[in-house]
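**Student:** After the structure tokens below, expect a handful of questions from me.
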Amino acid sequence: MDERFSILFEPVKIGPVVAPNRFYQVSHCNGMGYRMPRALAEMRRIKAEGGWGVVCTEEVEIHHSSDLAPNIEGRLWDDEDIPALELMADAVHQHGALAGIELTYGGHHAANLFSRSTSLAPRSMGLDGFNPGQARRLDKEDIRNLRRWHRAAALRAKQAGFDIIYCYAGHNLALAMHFLLKRYNNRSDEYGGSLENRTRFLRELILDTKEAVGGTCAVAVRLAVDELLGDEGITHQGEGHDIVAMLAELPDLWDVNISAWENDSATARFKREGFQEKYIGFVKSLTSKPVVGVGRYTTPDAMLSAVQRGIVDLIGAARPSIADPFLPQKIKEGRIEDIRECIGCNICASADELSVPIRCTQNPTMGEEWRRGWHPEHIPPKKTTAEVLVVGGGPAGLECARALGARGYQVVLVEARREFGGRVALESALPGLIEWRRVIDWRLGQIGKMDNVSLYPGSPMTAEDILDVGYTHVIIATGATWRDDGVGRHQWKPVKGHDLPCVFTPDDLMAGNIPEGHILIYDDDHYYMGSVLAELLLQHGCQVTLATPAPLVACWAEYTLEQEHIQRKLMESGVEIFTQRLLKEIQPGKIALACSISDQRSQIDADAVVLVTDRLPNDEFYQALKSAQAEGKLESLRVIGDAEAPNTIARAVFSGHLAAREFEETPSDGTPFRIERVEI
Ligand code: ADP
Ligand code: SF4
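The number in this note's numbering is simply the position in the sequence shown, starting from 1, with 1467 added.
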């Protein structure tokens, strides 16, 4: 290890417990929660194995009246929930790490869709997330009950084996934070009015928890010290500062960040490493207790600097620990170049938002540790001396070649372009996406260490070439091409005028073929591409209008917590936006649209249109090779990534990894992973 980094491996005392080092996996959701406790325990265990000194749960509901359905979080409603969480605490302890648990009472954020309980809030107010209905104003008896429930949950958490027990007042997701907020708390009793009164409930939770478990467990507070709402909310120079000052020595640990979740987990498109320092930096000056903070730290220098400058004592990480569960160990072993750095895309967050098991663009094993038995650092060795030809060096081909190489196979990876990386090489050059290059860089770095993987850039192959070179195991990863005819989710036949010279695709723009003048982007893709191309065109001096059949710009980016950031940025940049509009016809200089609800027609005068619609898989020679395989000329043939079915980069990486793991395995009709079924 580089001795400079030894500071990161110093133990840190947190109340009655000691963290073995400064690497702290803060709470993060994962879509597995109470429904997949074994999968969850194994995912967390691997983080501890990889050197994280503290490994925390996600939000854990303390009571059925704090039910976060449809999201799948942790549950500690009653004693029956203890064994599932015990699995995780035990798993984390196997490697000497501490286990932390974030107890939460969601208030009006918990719509109680599963339990059908009445939600509770400081005042009668609408439920979060556009849910119909309101939460009931808490009375004194409710507050007494709540304190009792939190205390009982803390005792259960202790029984389950947790070392650090949280009082959660972060992200605008927890009642303890709702009490703090002027805009939610209009009470005239001792829990409302002055900041001291609004802090009373959080203070009581901390004291109750300490009294219940403080002798053996550390009691932590997770607090949002700024909401980026100015005077409407908590700010780090205002009430955020004053709350920490009031409670400074009360908890054993301060875990501080910004709110809401979309600000805390801002994507790389909007925020850089260490972006929270200016908000949380004041906390250490007010308390002698250890402080943990996050900021998508992936580089040891930035981590070290944050500790040395007195910003934090412990490096908090959710996404960096998802992308690389072995990040601490790699620093310890002096293998910095092996760190698989998070690209800040929030595909991981999308899984929680969609209530499916967590996944990660960079780490295809994330969420598959238990159900498929995948480990991020180990892969079963090769079965035979078979040699494999992988055609196409995008994320799918690169990951497939890397993982096959790690298994010990002889691999040849051919790529038509002079540069590897496929769509990632092109997309990472678009505004705000530079960190996505890490998908390529890490894989090329790993492959560079392998003698058994040969790279051939600048080698466009045909089906005949492939048969001529004599490889009998072929994996096709030739990607996809954006459609140029307007066919997409909302359009099943080519749009009139699509063959005019004023029609462009994302591939055209990424190849440097940029139109001029007033450009209409028609976005029927609904993720990042339409908005990123809008930014690109603005940079080139174009006037930009964006039309989409969806009710919001970049609709799917809601799940990656980016939608509002994206739409705001476009609006602030002067992009004119039309939602719920279908593309009807393209003519030189004008484009006809129709309202997707009423069919009312409108026209936009534009010099060019960019169609961000469906993609076509580049699978022609996969189809050609299929017949060669049928004739016995190939032993195995597989198509992966976008060439199989265009999707996210995360899906391409996963597809490449899966193909490498399944190489020379006998396919079965059975479900290829374990399921945690309810016992009958
Ligand atoms: P994926 O996301 O599935 O990895 P990409 O489009 O990112 O797909 O990458 C596919 C890569 O395959 C591109 O870099 C492309 O240049 C390359 N490719 C496509 N056709 C051929 C071919 N015939 N021979 C070699 N490489 C090819
Ligand atoms: Fe980072 Fe993206 Fe992986 Fe999340 S999915 S950990 S943001 S690389």
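Ideal Cβ positions, reconstructed from N, Cα and C, are used throughout, including at glycine.
Go through the segment 1921-1997 residue by residue and report every complete run of the alpha helix (DSSP H) that reaches 4 residues or more, in order.
**Tutor:** 1930-1936 and 1973-1977, all fully within the segment 1921-1997.
**Student:** Alpha carbon to alpha carbon, how far is residue 1975 from residue 1981?
**Tutor:** Residue numbering aside, residue 1975 sits at position 508 when the sequence shown is read from its first letter. Residue numbering aside, residue 1981 sits at position 514 when the sequence shown is read from its first letter. Answer to the nearest angstrom: the Cα atoms are 7 Å apart.
**Student:** Around the Cβ of residue 1913, are there at least 16 other Cβ atoms within 10 angstroms (buried) or fewer (exposed)?
**Tutor:** Here residue 1913 refers to the residue found at position 446 of the sequence shown. Classification of residue 1913: buried, given that the 10 Å Cβ count is 16 or more.
**Student:** What would DSSP say about residue 2046, mapped onto helix, strand or coil?
**Tutor:** Mapped onto the sequence shown, residue 2046 falls at position 579. Residue 2046: strand per DSSP, three-state reduction.
**Student:** Am I right that residue 1549 and residue 1623 are in contact with their C-beta atoms under 8 Å? What's the rounded C-beta distance?
**Tutor:** Numbered from 1 along the sequence shown, position 82 holds the residue referred to as residue 1549. Numbered from 1 along the sequence shown, position 156 holds the residue referred to as residue 1623. Going by Cβ atoms, the distance from residue 1549 to residue 1623 rounds to 5 Å, so yes, they are a contact pair.
**Student:** Going by the CB atoms, is the gap between residue 1802 and residue 1790 shorter than 8 Å?
**Tutor:** Taking the first residue of the sequence shown as position 1, residue 1790 is located at position 323. Taking the first residue of the sequence shown as position 1, residue 1802 is located at position 335. For residue 1790 and residue 1802, no; Cβs fall outside 8 Å.
**Student:** Could you tell me whether the segment 2009-2019 touches the segment 2047-2061, using the rule of 3 or more Cβ pairs below 8 Å?
**Tutor:** In short, these stretches touch, since the Cβ pair count reaches three.
**Student:** Let me check you understand the geometry: is the CB of residue 1813 closer than 7 Å to at least one non-hydrogen atom of the ligand SF4?
**Tutor:** Along the sequence shown, one-based indexing puts residue 1813 at 346. Yes, the beta carbon of residue 1813 sits closer than 7 Å to at least one heavy atom of the ligand SF4.
**Student:** Are residue 1719 and residue 1481 close, meaning C-beta to C-beta below 8 Å?
**Tutor:** Numbered from 1 along the sequence shown, position 252 holds the residue referred to as residue 1719. Numbered from 1 along the sequence shown, position 14 holds the residue referred to as residue 1481. Against a cut-off of 8 Å, the Cβ pair of residue 1481 and residue 1719 comes out as a contact.
**Student:** By the three-class DSSP mapping on this structure, what secondary structure does residue 1854 have?
**Tutor:** As a working mapping, residue 1854 is identified with position 387 in the sequence shown. Note: residue 1854 maps to strand in three-state DSSP.
**Student:** Candidates 1523, 1512, 1500 and 1519: which alpha carbon is nearest residue 1536's?
**Tutor:** Looking up residue 1536 in the sequence shown gives position 69. Considering only alpha carbons, the answer is 1500.
**Student:** Hey, how far is the Cα of residue 1558 from the Cα of residue 1517?
**Tutor:** The sequence position of residue 1558 within the sequence shown is 91, counting from 1. The sequence position of residue 1517 within the sequence shown is 50, counting from 1. So the two alpha carbons sit approximately 13 Å from each other.
**Student:** Would the segment 1867-1878 and the segment 1696-1710 be scored as touching if the rule is three or more Cβ pairs under 8 Å?
**Tutor:** Contact fails: fewer than three Cβ-Cβ distances are below 8 Å.
**Student:** Would the segment 1839-1848 and the segment 1760-1770 be scored as touching if the rule is three or more Cβ pairs under 8 Å?
**Tutor:** No, the segment 1839-1848 is not in contact with the segment 1760-1770.
**Student:** Report the residue from 1751, 1793 and 1727 whose alpha carbon sits nearest the alpha carbon of residue 1775.
**Tutor:** As a first step, residue 1775 must be located in the sequence shown, where it is residue number 308. The option with the nearest alpha carbon to residue 1775 is 1751.
**Student:** At which residues does the beta strand (DSSP E) containing residue 1798 begin and terminate?
**Tutor:** Walking along the sequence shown from the start, residue 1798 turns up at place 331. Element bounds for residue 1798: not the beta strand (DSSP E) but the alpha helix (DSSP H), 1794-1799.
**Student:** Measure the C-alpha to C-alpha separation of residue 1598 and residue 1713 and round it to an integer number of angstroms.
**Tutor:** Locating residue 1598 in the sequence shown gives position 131, counting from the first residue. Locating residue 1713 in the sequence shown gives position 246, counting from the first residue. Rounded to whole angstroms, residue 1598 to residue 1713 spans 35 Å at the Cα level.
**Student:** Could you tell me the alpha carbon to alpha carbon distance between residue 2131 and residue 1915, rounded to whole angstroms?
**Tutor:** Reading the sequence shown from its first residue, position 664 is the one you call residue 2131. Reading the sequence shown from its first residue, position 448 is the one you call residue 1915. Each residue's Cα considered, the two are about 24 Å apart.
**Student:** Could you give the uninterrupted runs of the beta strand (DSSP E) lying entirely in the segment 1729-1806, keeping only those of 3 residues or more?
**Tutor:** The segment 1729-1806 contains these whole beta strand (DSSP E) runs: 1758-1760 and 1781-1784.
**Student:** Please report the distance separating the alpha-carbon of residue 1729 from that of residue 1695.
**Tutor:** Working through the sequence shown from its first residue, we reach residue 1729 at position 262. Working through the sequence shown from its first residue, we reach residue 1695 at position 228. The alpha-carbon atoms of residue 1729 and residue 1695 are separated by roughly 11 Å.
**Student:** Are the CB atoms of residue 1565 and residue 1486 within a distance shorter than 8 Å?
**Tutor:** Sequence index remark: in the sequence shown, residue 1486 carries index 19 (1-based). Sequence index remark: in the sequence shown, residue 1565 carries index 98 (1-based). Closer than 8 Å, so yes.
**Student:** For the ligand ADP, any of its heavy atoms closer than 7 Å to the Cβ of residue 1884?
**Tutor:** For the purposes of this step, residue 1884 is taken as the residue at position 417 of the sequence shown. Yes; taking the cut-off as 7 Å, the Cβ of residue 1884 has a heavy atom of the ligand ADP nearer than that.
**Student:** By Cβ distance below 8 Å, which residues in the same chain neighbour residue 1821 in space, the five residues on each side in sequence not counted?
**Tutor:** Looking up residue 1821 in the sequence shown gives position 354. These residues qualify, in order along the chain: 1498 and 2026.
**Student:** On a Cα-Cα basis, can you pick out the residue from 1757, 2040, 1919 and 1845 that is closest to residue 1880?
**Tutor:** For this step, residue 1880 is matched to residue 413 along the sequence shown. Nearest of 1757, 2040, 1919 and 1845 to residue 1880, Cα basis: 1919.
**Student:** Just to check my reading of the structure: residue 1446 and residue 1589 have Cβ atoms closer than 8 Å, yes? What is that Cβ distance to the nearest angstrom?
**Tutor:** What is shown of the chain runs 1468 to 2147, which leaves residue 1446 out entirely.
**Student:** Could you tell me the distance, in whole angstroms, from the CA atom of residue 2112 to the CA atom of residue 2119?
**Tutor:** Here residue 2112 refers to the residue found at position 645 when the sequence shown is read from its first residue. Here residue 2119 refers to the residue found at position 652 when the sequence shown is read from its first residue. Cα to Cα, residue 2112 sits roughly 9 Å from residue 2119.
**Student:** Could you give the first and the last residue of the continuous alpha helix (DSSP H) run that contains residue 1676?
**Tutor:** Numbered from its first residue, the sequence shown carries residue 1676 at position 209. Run containing residue 1676: 1667-1680, per the alpha helix (DSSP H) assignment.
**Student:** Identify the continuous alpha helix (DSSP H) that holds residue 1909 and give its terminal residues.
**Tutor:** Walking along the sequence shown from the start, residue 1909 turns up at place 442. Looking at the DSSP string, the run of the alpha helix (DSSP H) that includes residue 1909 is 1905-1915.
**Student:** Is it right to say residue 1949 is buried, meaning 16 or more other beta carbons lie within 10 angstroms of its own, or is it exposed?
**Tutor:** The count along the sequence shown starts at 1 and reaches residue 1949 at position 482. Buried, by the Cβ-count rule.
**Student:** Express the C-alpha separation of residue 1634 and residue 1526 in angstroms, rounding to a whole number.
**Tutor:** As a working note, residue 1526 is residue 59 in the sequence shown. As a working note, residue 1634 is residue 167 in the sequence shown. Those two C-alpha atoms are separated by around 11 Å.
**Student:** Would you mind working out which of 1514, 1855 and 2019 sits nearest residue 2045, comparing C-alpha positions?
**Tutor:** Start at 1 with the first residue of the sequence shown, and residue 2045 comes out as number 578. The shortest Cα separation from residue 2045 among 1514, 1855 and 2019 belongs to 2019.
**Student:** Hey, could you find the ends of the beta strand (DSSP E) residue 2089 is sitting in?
**Tutor:** Counting from one through the sequence shown, the residue named residue 2089 turns up at place 622. Not the beta strand (DSSP E): residue 2089 falls in the alpha helix (DSSP H), residues 2087-2097.
**Student:** Could you pull the DSSP bridge partners for residue 1689 from this structure?
**Tutor:** For the purposes of this step, residue 1689 is taken as the residue at position 222 of the sequence shown. In DSSP, residue 1689 forms a bridge with 1635 and 1722.
**Student:** If distances are taken between C-alpha atoms only, which option among 1930, 1710 and 1627 comes closest to residue 1945?
**Tutor:** Working through the sequence shown from its first residue, we reach residue 1945 at position 478. Of 1930, 1710 and 1627, the residue nearest in Cα terms is 1930.
**Student:** Taking 7 Å as the cut-off, is the C-beta of residue 1890 nearer than that to any heavy atom in the ligand ADP?
**Tutor:** As a working mapping, residue 1890 is identified with position 423 in the sequence shown. Yes, Cβ of residue 1890 sits closer than 7 Å to a heavy atom of the ligand ADP.
**Student:** Does the beta carbon of residue 2109 fall short of 7 Å from some heavy atom of the ligand ADP?
**Tutor:** Here residue 2109 refers to the residue found at position 642 when the sequence shown is read from its first residue. At least one heavy atom of the ligand ADP is nearer than 7 Å to the Cβ of residue 2109, so yes.
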